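Protein chains in written order, with this note's numbering: chain A, 1013 to 1058; chain B, 18 to 181. All remarks here apply to the structure that follows.
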Amino acid sequence: MYHSFYFGDTAVQSKSAEHFKQLSNNVILDTFIELYQEEMDKVMGS
Amino acid sequence: MIIIKESEMEFGPFEENEVFQIEKSNLYKAMTNTKVVEFILKKESTLLYFIEAKSSSPRPVPDNKDNFDKFITEIVEKFLHSMNLCYASLFKRHEDSNDMPESIKNIGASQMKILFVLVIKGHSIDWLPPLKEALERRLQAYSSIWDVNVAVLNDSLAQEHHLV
């Protein structure tokens, strides 16, 4: 059985629940960081 | 050109007339019980960065709340005292000791846009939003009154924005 998760355009899939959890956390963290960087780009140039 | 060494980082190089090292200024030395940021940088024609540098910050976890709050209070005081001193200077309150660069004075109080920038060396990016949110909460009234914004960067983001 595969665990699947779509976060925006990114698909996360793994057979291992633990691996799936780790991958999902990484995807969310990467997106969180990306959004913060975009916010800082905007505010620094405002 | 000028390079400013603070909290194990090198800021700059900047044009000398675009930087006000408020901490080393006569204006600041003439004040009593006042806390100020490291320096003010004129970034665009009307935009000023008020830059405070730190080499670390307390973690915002429940058992460290007092240290975290104390840290935020210290930064907020530095930002607010610096902004007040800047406006006091523009309104010619301290002409005897006013050594703020002409390029900053010439912006004029009505045109001036202010961004409070905290730069923390070595912080992971995902540690920065809680600091930014805490500062924004504490500065909410002043942000709405004066239309100022807050940025919290680590040294790599500061590099991307040509600060270090």
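Backbone N, C-alpha and C define an ideal beta-carbon position, used for all residues, glycine too. Keep in mind the model is a prediction, meaning the values are calculated, not measured.
Comparing alpha-carbon positions, the option among Ser141(B), His140(B), Met100(B) and Lys122(B) lying closest to Val167(B) turns out to be Met100(B). In the DSSP assignment, Glu55(B) falls outside any alpha helix (DSSP H) and carries neither an H nor an E. For Asn171(B), the nearest beta carbon of chain A is not closer than 8 Å to its own beta carbon. In the DSSP annotation of this structure, Ile142(B) is not part of any alpha helix (DSSP H), being labelled neither H nor E. Listed along chain A are Leu1041, Phe1044 and Ile1045, each with a C-beta nearer than 7 Å to that of Asp143(B). The DSSP assignment places 130 to 137 as complete runs of the beta strand (DSSP E) inside the region 96 to 156 of chain B, in order along the chain (cut-off: 3 residues). The beta carbon of Pro75(B) sits closer than 6 Å to the beta carbons of Asn81, Asn84, Phe85 and Phe88 from its chain, once the five residues preceding and following it are set aside; these are given in chain order. The region 151 to 165 of chain B and the region 42 to 58 of chain B do not touch, with fewer than three beta-carbon pairs separated by less than 8 Å. Rounded to whole angstroms, the gap between the alpha carbons of Val54(B) and Gly125(B) is 20 Å. Its Cα nearest to that of Gly29(B), the residue Lys60(B) stands out among Lys52(B), Lys60(B), Ala47(B) and Pro118(B). Per DSSP, Tyr1048(A) is not a residue of any beta strand (DSSP E); the alpha helix (DSSP H) it occupies stretches across Ala1029 to Met1056. Cβ neighbours of Phe1017(A) within its own chain (closer than 6 Å, five residues either side excluded): Val1024 and Ser1036. The shortest CA-to-CA distance from Ser1026(A) to any of Gln1034(A), Tyr1014(A), Lys1054(A) and Gly1020(A) is the one to Tyr1014(A). Bounds of the beta strand (DSSP E) holding Ala70(B) are Leu64 to Lys71.
Counted as a single uninterrupted DSSP element, the stretch harbouring Gln38(B) is not any beta strand (DSSP E), since DSSP gives it neither H nor E. About 5 Å separates the Cβ atoms of Ile131(B) and Leu65(B), confirming a contact at the 8 Å cut-off.
Contacts with chain A (Cβ-Cβ distance below 7 Å) from the region 43 to 65 of chain B involve no residue at all.
Look at Gln1034(A): its C-beta is not under 8 Å from any C-beta on chain B. The Cβ atoms of Lys95(B) and Leu107(B) do not sit closer than 8 Å to each other.
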